[in-house]
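A short worksheet on the structure shown next.
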Amino acid sequence: MKHVPDATADRTFTEAGTTDRASVDSLLSELDEYAVEQALRLAESDADAEISYLTVGPGDARDALRKALAMGGDAAIHVSDEDIEGSDAFGTSLVLAKAIERHGFDLVLCGMASTDGTMGVLPALLAERLGVPAVTHLEDLAIEDGTVTGRRESDGATVRIQGALPAVVSVTDRSGDARYPSFKGIMAAKKKPVETLGLPDLGIEAAEVGPAGARSAVDTATRRPPRTKGEIVADEGTGGIALAAFLTTKKFI
Amino acid sequence: MAEILVLVDHVDGAVRKPTLELLTLARRLGEPSAVFLGPGADRASEVLGRYGAQKIHVVDAPEVDGYLVTPAVDALTQIAERTGPAAILLPSGPDGKEIAARVALRLGSGLITDAVDVTAGPDGPVTEQSAFAATYQVTAHVTQGVPVITVKPNATAPEVAPAEPVTEKPDVTFGPASQAVRILSRTPRERGDRPELTEADLVVSGGRGVNGAENFALIERVADALGAAVGASRAAVDAGWYPHSHQVGQTGTQVSPQLYLAAGISGAIQHRAGMQTSKTIVAVNKDADAPIFELADHGVVGDLFAVLPQLVDEIERRRS
Chain A
21 MKHVPDATAD
31 RTFTEAGTTD
41 RASVDSLLSE
51 LDEYAVEQAL
61 RLAESDADAE
71 ISYLTVGPGD
81 ARDALRKALA
91 MGGDAAIHVS
101 DEDIEGSDAF
111 GTSLVLAKAI
121 ERHGFDLVLC
131 GMASTDGTMG
141 VLPALLAERL
151 GVPAVTHLED
161 LAIEDGTVTG
171 RRESDGATVR
181 IQGALPAVVS
191 VTDRSGDARY
201 PSFKGIMAAK
211 KKPVETLGLP
221 DLGIEAAEVG
231 PAGARSAVDT
241 ATRRPPRTKG
251 EIVADEGTGG
261 IALAAFLTTK
271 KFI
Chain B
78 MAEILVLVDH
88 VDGAVRKPTL
98 ELLTLARRLG
108 EPSAVFLGPG
118 ADRASEVLGR
128 YGAQKIHVVD
138 APEVDGYLVT
148 PAVDALTQIA
158 ERTGPAAILL
168 PSGPDGKEIA
178 ARVALRLGSG
188 LITDAVDVTA
198 GPDGPVTEQS
208 AFAATYQVTA
218 HVTQGVPVIT
228 VKPNATAPEV
238 APAEPVTEKP
248 DVTFGPASQA
258 VRILSRTPRE
268 RGDRPELTEA
278 DLVVSGGRGV
288 NGAENFALIE
298 RVADALGAAV
308 GASRAAVDAG
318 WYPHSHQVGQ
328 TGTQVSPQLY
338 LAAGISGAIQ
348 HRAGMQTSKT
358 IVAVNKDADA
368 PIFELADHGV
378 VGDLFAVLPQ
388 LVDEIERRRS
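Residue numbers (the working numbering), protein chains in the order written: chain A, 21 to 273; chain B, 78 to 397.
What follows is the structure, encoded as structure tokens:
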């Protein structure tokens, strides 16, 4: 799970070139809700399934876990350590991989990307670190006989792919709409256990994460000047002709 | 000059345009070397040379076609270890980004994804990216190892720079992980007569206001009159009016064409994230308060079913 600044709010960078989390409300990344939904659907068809949510982030990232727990599932892990702040995808994936290994797993479900960083590489990095298959960008998925199979909309083609469990799976926003938490779910979530871990619990040195462990650096972050609003005309019978005239001045016709 | 490895995006040897853009960018940083995985290298070598590839590393092994991502990671990592490149460039797409991430992890390198520009700097390549639904412009560089950079389509115009590429066929050892995810079937996306969305200079998109799959014929008519690709908003795709492969937006295709014409699209944040960097934006929408008009260089508040046919007629009149 990732707790991200609200995508509909005005998001900004700090002077250090990281996301400014103080200035806007954060919430559970919308794309992670699809992973929660798929986890819940799998658990509904397997009585032995246990769902644990995992997030890395400052204190209020627990809100993302509570949201997921309100949708369903059993428990959550919150990795929080001030040395983690400013980590790149490599530092974050290290923390997540260590926490996943510590907990044990059959299946790691992820969203296709976060709605703030939008890199979409964490599932692949997790699989690489955990040494398990990465069955990623799935629009549907089925688990059978210890394998996971699904449809992936890839670069220029649709492919059906299959990997053996344990595996890391990521799902897209086309995998199925996420359910809303019920009142009962929201109340039940308050009683579900949330474990808090720091870097020492995971055997990670501070220098491996945060800005010290980051492998790239932001040099500048400049707000793009707002687009100058162009000419907006009401169609009074010649809107198409006006549009053609505009396109001609821009040499598109 | 150091080699710049460029991972070739191709279908059976037919090289896609973003690769030519990568070769063009690579020339700013060093000597472009194409890394060609799978069958069809003979067919591709002419075009790769025309756009400046000095060398082509060819790995045509059964693993590359039968398994997802990881065989390419093995190949690219081992070629990088042997050649010591100054940078590795890949196309930004699901496959390209996953290959890039895993190669970077194995090489102990930094990674930058979705660059819209790459230039040579004192400490290696400097990249430019858009952030927060394209409201920010960020420049960055890699601080550790060989910079691994994925670049979005349309970042630059491909420029011809003829070279006589040398072909090399390096031996690659595929590890156990290379066969972790089997490709059971592959259905190439149908390519019609229209330009591909990611590569198009002009895009005409329809949204909720198009109000039905059958009405997308009108969007296609406008696209054909302009020689544009067809896009669709998530609402139109979710309603089943147009295929998902044409979805423009944060979770669909992110486009940056010379012209983006949005018809019947209100301009939700997710859609704006996918088209806001278009050079010229025009919009047709009934709702004068639609947020898309804040971005538009020219907007028509009106019924698209009246405005678009008139536009097509006028284009034809002006061209005749």
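No residue lacks a Cβ here, since even glycine has one placed at the ideal position from N, Cα and C.
For residue 155(B), the enclosing alpha helix (DSSP H) has its first and last residue at 147-160. Around residue 179(B), the same chain offers 150 as residues with beta carbons nearer than 6 angstroms, after the five sequence neighbours per side are excluded. Secondary structure of residue 73(A) (DSSP, three-state): strand.
Taking a cut-off of 8 angstroms on C-beta distances, the stretch 54-61 of chain A touches the stretch 192-203 of chain A, as three or more cross pairs fall below it. According to the DSSP assignment, residue 177(B) belongs to the alpha helix (DSSP H) that extends over 171-184.
Along the stretch 170-192 of chain A, going in chain order, the ones with a CB nearer than 9 angstroms to a CB of chain B are 172, 173, 174, 175, 176, 177, 178, 179, 180, 181, 182, 183, 184, 187 and 192. The secondary-structure analysis by DSSP pairs residue 245(A) with nothing; it has no beta-bridge partner. Between residue 90(A) and the set 113(A), 202(A) and 253(A), the nearest pair of CA atoms involves 202(A).
Against residue 31(A), the close residues of chain B are 209, in the order they occur along the chain (beta-carbon pairs closer than 7 angstroms).
For residue 110(A), the enclosing alpha helix (DSSP H) stretches over residues 109-123. Residues of the same chain with a CB within less than 8 angstroms of the CB of residue 236(A), apart from the 5 flanking positions on each side, are 108 in chain order.
In the three-state scheme derived from DSSP, where H, G and I count as helix and E and B as strand, residue 314(B) is classed as helix. Of all C-beta pairs linking the stretch 102-121 of chain B to the stretch 146-163 of chain B, three or more are shorter than 8 angstroms, placing the two stretches in contact. Taking a Cβ-Cβ cut-off of 7 angstroms, the neighbours of residue 157(A) in chain B comprise 171, given in sequence order. Taking the CA atoms as reference points, residue 89(B) sits about 49 angstroms from residue 217(A).
Annotated three-state conformation of residue 185(A) is coil, per DSSP. Around residue 151(A), the beta-carbon contacts reaching into chain B at under 8 angstroms are 254. Between the stretch 248-255 of chain A and the stretch 133-147 of chain A there are fewer than three inter-stretch CB-CB distances shorter than 8 angstroms, so the stretches are not counted as touching. When DSSP reads this structure, residue 171(A) sits in a beta bridge with 160(A) and 180(A). Proximity of the stretch 193-205 of chain B to the stretch 221-237 of chain B meets the contact definition, three or more beta-carbon pairs being nearer than 8 angstroms.
Annotation for residue 207(B): the continuous beta strand (DSSP E) segment containing it runs 201-208. Classified as buried, residue 172(A) has 16 or more neighbouring CB atoms from the shown chains inside 10 Å of its CB. Taking all protein chains shown into account, residue 261(B) has fewer than 16 neighbouring C-beta atoms within 10 Å of its C-beta and is therefore exposed.
Against residue 384(B), the close residues of chain A are 255, 259, 260 and 263, in the order they occur along the chain (beta-carbon pairs closer than 7 angstroms). Pairing residue 114(A) with residue 191(A) gives a Cβ-Cβ distance that is not under 8 angstroms. In the same chain as residue 380(B), and ignoring 5 residues on each side of it, the C-beta atoms closer than 8 angstroms to its own belong to 363, in chain order.
Taking the CA atoms as reference points, residue 284(B) sits about 25 angstroms from residue 171(B). Chain-order list of chain A residues neighbouring residue 186(B): 235, by C-beta distance under 8 angstroms. For residue 44(A), no CB of chain B lies under 8 angstroms from its own CB, so it is not counted at the interface with that chain.
Per DSSP, the continuous alpha helix (DSSP H) segment holding residue 139(B) begins and ends at 139-143.
Under DSSP, residue 109(B) takes part in a beta bridge, and its partners are 81(B).
Restricting attention to 29(A), 33(A) and 169(A), the CA atom closest to the CA of residue 47(A) is found in 29(A). The beta carbon of residue 91(B) sits closer than 8 angstroms to those of 117, 120 and 121, all from its chain and outside the five residues before and after it, given in chain order.
Taking a cut-off of 8 angstroms on C-beta distances, the stretch 289-300 of chain B does not touch the stretch 342-352 of chain B, as fewer than three cross pairs fall below it.
In the three-state DSSP reduction, residue 363(B) falls in the coil class, being neither helix nor strand.
In its chain, beyond the 5 residues on either side, 97 have a beta carbon closer than 6 angstroms to the beta carbon of residue 215(A).
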